[in-house]
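Residue numbers (the numbering used here), protein chains in the order written: chain B, 13 to 222; chain G, 13 to 222.
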């Protein structure tokens, strides 16, 4: 069994990342979603190991020091991050792991897992992005300004991604992401076993033919 | 209209490259096949600009000196190569150009066109490759040895390719190659116009919101 692909999905708010991930895991059976770890207390209905792994700050910081986090960030006094062990387990079991994460985290992961796949999801046009930022026109100035600042932030570093995924048609977009992940299994580094087998066969055959 | 992708297909003899290329151009309308140039005289039925561009040695060598060949090689006293102009014209017209070419030529092209896509086609296993090399068992030792030497040569440099394509099921394989080419249109470098448009929109929007 070959190792899974780690795929990081980032993109503009409202680009439909959440829906895309749900559809991927529904339509295909090779995917596992990563579960984040956080020091924020569980909200009602949140289950340990499903929505998050809940730990205290001491444990989280120890994990960071031991290099056990693939990426992490601190928001509003709480840590959020991706535990390495869970992701690695899934990858070694041949599952393609998908993570939804913003750009800073994505770049942290690329450093630790160079053969991960970075996908950036965007609405089909700047106009469409603007409409989504403006919302229904009922939001106040502050909310729109906040969304805008976030979008600018989100668009920085976009060149570091492997692919820009344009979410115009949902079905097509899901198929496209799936094909990107499946194709990533076909790089020479991922097909090392087959290449080795073929070279071995050619060598053995050549000796037999002498 | 966005520029086409230049795709180079190499691989073991008998891996089905020719059939794959025929099916790609039959099943999808975005592809153009490149036409090689040669100094060998036309055989009966070969048409100028269809099977080959036929030129004399002087012209071919001038083309090389002027940097007008994407790659070339000399076999049995005749030059064979890929004229740059024809390929560029097709790419600029938005056509995805496919070239079937051995590994040395593929690496020459990668240097000149760094964003080209290199695909290496292989039978699904070493055993299958061996069966194809042995043929029906009626060939003499010399023919098998020649094929073997060629396969060893063909397998060198395989790590420089973008993808290893395993030709097990023809239909699947054609779809896979097509998705590899289509996905190559979605790298950030290829989506520069959209990225620029979005950044422009975010800037304009931010000024409007001030």
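Glycine included, each C-beta is placed from N, C-alpha and C at the ideal position. Only a predicted model underlies this, so the values are computations on that prediction, with no experimental measurement involved.
Fill in: Member of 185/B, 125/B, 141/B and 122/B whose CA lies at the smallest distance from the CA of residue 6/G
In the structure as shown, chain G starts at 13 and stops at 222, and residue 6/G therefore has no counterpart that could be examined.
Worksheet item: Got a sec: is the Cβ-Cβ distance from residue 191/B to anything in chain G below 9 Å?
Response: Locating residue 191/B in the first chain gives position 179, where the first residue counts as 1. Among the CB atoms of chain G, one or more fall inside 9 Å of the CB of residue 191/B.
Worksheet item: Would you say residue 119/B reaches chain G, if we count a Cβ-Cβ gap shorter than 9 Å as a contact?
Response: Locating residue 119/B in the first chain gives position 107, counting from the first residue. Nearest CB-CB separation between residue 119/B and chain G: not below the 9 Å threshold.
Worksheet item: Under three-state DSSP, which class holds residue 185/B?
Response: Looking up residue 185/B in the first chain gives position 173. The answer is helix: DSSP assigns residue 185/B an H, G or I state.
Worksheet entry | Extent of the continuous alpha helix (DSSP H) to which residue 21/G belongs | Counted from its first residue, the second chain places residue 21/G at position 9. First-last for residue 21/G: 18 to 23, but that is the beta strand (DSSP E), not the alpha helix (DSSP H).
Worksheet item: How big is the Cα-Cα spacing for residue 130/B and residue 137/G?
Response: Here residue 130/B refers to the residue found at position 118 of the first chain. Here residue 137/G refers to the residue found at position 125 of the second chain. Spanning the two alpha carbons is a distance of roughly 30 Å.
Discussion item. Are the CB atoms of residue 69/G and residue 84/G within a distance shorter than 9 Å?
Written reply: In the second chain, residue 84/G corresponds to position 72, counting from 1. In the second chain, residue 69/G corresponds to position 57, counting from 1. The Cβ-Cβ distance between residue 84/G and residue 69/G does not fall below 9 Å.
Worksheet item: For residue 92/B, which of helix, strand or coil comes out of DSSP?
Response: Within the first chain, numbered from 1, the residue matching residue 92/B stands at position 80. In the three-state DSSP reduction, residue 92/B falls in the strand class (E or B).
Item to complete: Tell me, please, whether the region 30 to 45 of chain G touches the region 182 to 191 of chain G by the rule of three or more beta-carbon pairs shorter than 8 Å.
Response: As far as the Cβ criterion goes, the region 30 to 45 of chain G touches the region 182 to 191 of chain G, which means the pair count is three or higher.
Item to complete: Would you list, in sequence order, the uninterrupted alpha helix (DSSP H) runs of no fewer than 4 residues that lie entirely inside the region 35 to 122 of chain G?
Response: For the region 35 to 122 of chain G, the continuous alpha helix (DSSP H) assignments of 4+ residues that do not extend past its boundaries occur at 69 to 77 and 96 to 104, in sequence order.
Worksheet entry | Cβ neighbour criterion (16 or more within 10 Å) applied to residue 76/B | Along the first chain, read from residue 1 onward, the residue named residue 76/B stands at position 64. In summary, residue 76/B is exposed, with fewer than 16 beta-carbon neighbours lying within 10 Å of its beta-carbon over all protein chains present.
Practice prompt. Assuming residue 214/B contacts residue 167/G (C-beta within less than 8 Å), just tell me the rounded distance between them.
Written response: For the purposes of this step, residue 214/B is identified with residue 202 of the first chain, where counting begins at 1. For the purposes of this step, residue 167/G is identified with residue 155 of the second chain, where counting begins at 1. Their Cβ separation, rounded to whole angstroms, is 6 Å, which keeps residue 214/B and residue 167/G in contact under 8 Å.
Worksheet entry | Chain-ordered neighbours of residue 212/B on chain G, where CB pairs are closer than 9 Å | The sequence position of residue 212/B within the first chain is 200, counting from 1. Those within 9 Å of residue 212/B in chain G are 138.
Practice prompt. Starting from the Cα of residue 36/B, find the closest Cα among 161/B, 205/B, 194/B and 170/B and give me that residue.
Written response: By one-based count along the first chain, residue 36/B stands at place 24. Measuring from the Cα of residue 36/B, the nearest candidate turns out to be 194/B.
Worksheet item: Do residue 99/B and residue 82/B have their C-beta atoms within less than 9 Å of each other?
Response: For the purposes of this step, residue 99/B is taken as the residue at position 87 of the first chain. For the purposes of this step, residue 82/B is taken as the residue at position 70 of the first chain. A contact, by the Cβ cut-off of 9 Å.
Worksheet item: Which first and last residues belong to the alpha helix (DSSP H) in which residue 156/G is found?
Response: In the second chain, counting from the first residue as 1, residue 156/G sits at position 144. Residue 156/G -> alpha helix (DSSP H) spans 153 to 167.
Worksheet item: Anyone know if the C-beta pair for residue 46/B and residue 102/B falls short of 9 Å?
Response: Sequence index remark: in the first chain, residue 46/B carries index 34 (1-based). Sequence index remark: in the first chain, residue 102/B carries index 90 (1-based). Their beta carbons are under 9 Å apart, which means residue 46/B touches residue 102/B by this criterion.
Practice prompt. Determine the DSSP secondary structure at residue 177/G, reduced to helix, strand or coil.
Written response: Numbered from its first residue, the second chain carries residue 177/G at position 165. Taken through DSSP and simplified to helix, strand or coil, residue 177/G comes out as strand.
Worksheet item: For a contact meaning CB atoms closer than 8 Å, what does residue 145/G contact in chain B?
Response: On the second chain, position 133 is the one that residue 145/G refers to. Taking the beta carbon of residue 145/G as reference, the chain B residues within 8 Å of it are 217, listed in sequence order.
Worksheet item: With respect to the alpha helix (DSSP H) encompassing residue 27/G, which residues constitute its N-terminal and C-terminal limits?
Response: To locate residue 27/G, count along the second chain from 1; it is residue 15. Where residue 27/G is concerned, there is no enclosing alpha helix (DSSP H), given that its DSSP letter is neither H nor E.
Fill in: Contact under 9 Å by Cβ, residue 107/G with residue 172/G
For the purposes of this step, residue 107/G is identified with residue 95 of the second chain, where counting begins at 1. For the purposes of this step, residue 172/G is identified with residue 160 of the second chain, where counting begins at 1. No; because the gap between Cβ atoms is not below 9 Å, this pair is not in contact.
Practice prompt. Under 6 Å Cβ to Cβ from residue 196/B, same chain only, skipping five residues before and after it: list those, please.
Written response: Taking the first residue of the first chain as position 1, residue 196/B is located at position 184. Only 17 and 129 meet the Cβ criterion.
Worksheet item: For residue 125/B, does the three-state DSSP call read helix, strand or coil?
Response: As a position in the first chain, residue 125/B is number 113, starting the count at 1. Correct three-state label for residue 125/B: coil.
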